[in-house]
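I have placed the structure first, in the form of structure tokens, so that the comments after it can refer back to it.
Residue numbers (the working numbering): 12 to 363.
Quick look at the structure:
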């Protein structure tokens with residue numbers, strides 16, 4: 012084939028391809044326009060439901076557990092953990108009707124969460140035996156959520172190359188009246204010490220050992236977690252809870268009344284520090300607290316931060332770990348956004 016024929020052939024071929032591409036582009040544009048209406052409709056579904064639930068919870072004069080309170084907040088949680096396209100969740104969260112109520116809705120959710128944990132802590136502490144205390148703890152409606160979240164956080168920490176052991180020192184800031192993350196951390200980390208590490212195991216609240224105290228049968232120290240909370244009553248409830256549960260939940264937990272980042276708290280001894288999701292009401296406040304906390308930690312230690320992606324951001328404020336304030340003091344190692352019933356995202360940073 013001559014050069015002229017080749018040129019003519021490829022010219023026609025290019026023309027055909029161009030026409031096909033133009034047609035494809037037009038179809039793509041039409042397809043994009045159609046789903047936008049569907050996206051708006053789907054977004055409205057979530058907006059309407061969030062507004063309806065907000066109208067209900069904002070009228071409650073008592074946020075302690077009750078049939079109406081439990082129903083409203085359970086419905087809100089189920090709605091917010093639904094996995095939907097980011098385009099839809101962005102439409103929902105950016106809608107002025109939602110963005111204007113989010114601070115108040117999150118405040119109400121935080122207060123209701125505190126009441127829920129306080130109620131259950133008292134219920135567990137009122138039991139007459141350690142066995143009954145563990146049975147009631149297992150019926151706490153969100154214990155699976157905390158169990159899975161703790162497992163996720165331990166996986167995130169492991170991905171940084173850090174292996175927690177009996178000599179690791181851990182602090183949890185914002186532990187509250189039911190320090191479930193600390194419970195599951197103790198259960199998981201102590202099982203590594205007490206059991207064959209090659210055996211499959213699950214994270215469950217540990218049953219009391221046959222002998223009291225904070226030593227293993229081999230006289231090895233168990234993991235110790237320091238729980239820090241500004242609310243003295245919450246700390247007392249948590250201590251009473253540990254007493255009722257017994258075992259190394261009692262021996263492995265220490266409590267300290269203090270604000271996050273307080274000058275009265277020395278964090279230099281800890282290898283890993285957790286910041287609870289409710290520590291700080293928004294990005295700016297969280298950043299300010301984070302900078303204070305990190306300033307009291309040793310170089311190379313890890314900070315675990317909790318955020319919330321997608322509609323989960325209705326319940327908890329998400330956290331942008333890429334801001335200049337954060338990256339100035341932390342090397343962000345990993346972020347994990349969960350699916351399923353786990354609400355919080357996990358962010359792990361290493362102190363510079």
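Ideal Cβ positions, reconstructed from N, Cα and C, are used throughout, including at glycine.
Item: Just grab the DSSP bridge partners of residue 302 for me.; Value: In DSSP, residue 302 forms no bridge with anything.
Item: In the DSSP assignment, what residue or residues form a beta bridge with residue 182?; Value: 237, 284
Item: Excluding the 5 residues flanking residue 275 on each side, which residues of the same chain have their C-beta closer than 6 Å to its C-beta?; Value: 269
Item: Quick check: what's the CA-CA separation for residue 51 versus residue 137?; Value: 50 Å
Item: At a cut of 8 Å, does the stretch 97-109 reach the stretch 283-301 through at least three beta carbon pairs?; Value: no
Item: Taking the alpha-carbon positions, what's the residue 119 to residue 67 distance?; Value: 11 Å
Item: Label residue 178 either buried or exposed according to how many other C-beta atoms from any shown protein chain fall within 10 Å of its C-beta, with 16 as the threshold for buried.; Value: exposed
Item: Pick helix, strand or coil for residue 75, following the three-state DSSP scheme.; Value: coil
Item: Find the nearest neighbour of residue 124 within the set 186, 173, 147, 169, judged by alpha-carbon distance.; Value: 186
Item: In whole angstroms, give me the CA-to-CA distance for residue 358 and residue 158.; Value: 17 Å
Item: For the beta strand (DSSP E) that residue 344 lies in, which residues bound it at each end?; Value: 341-347
Item: According to DSSP, simplified to helix, strand and coil, what is residue 360?; Value: strand
Item: Rounded to whole angstroms, how far is the Cβ of residue 322 from the Cβ of residue 90, which I believe are closer than 8 Å?; Value: 7 Å
Item: Using a Cβ-Cβ cut-off of 8 Å (strictly less than) and excluding sequence neighbours within five positions of residue 95, which residues of its own chain qualify?; Value: 53, 57, 321, 322
Item: Near residue 298, what residues of its chain come up, given a Cβ to Cβ distance below 6 Å and the 5 sequence neighbours on each side ignored?; Value: 336
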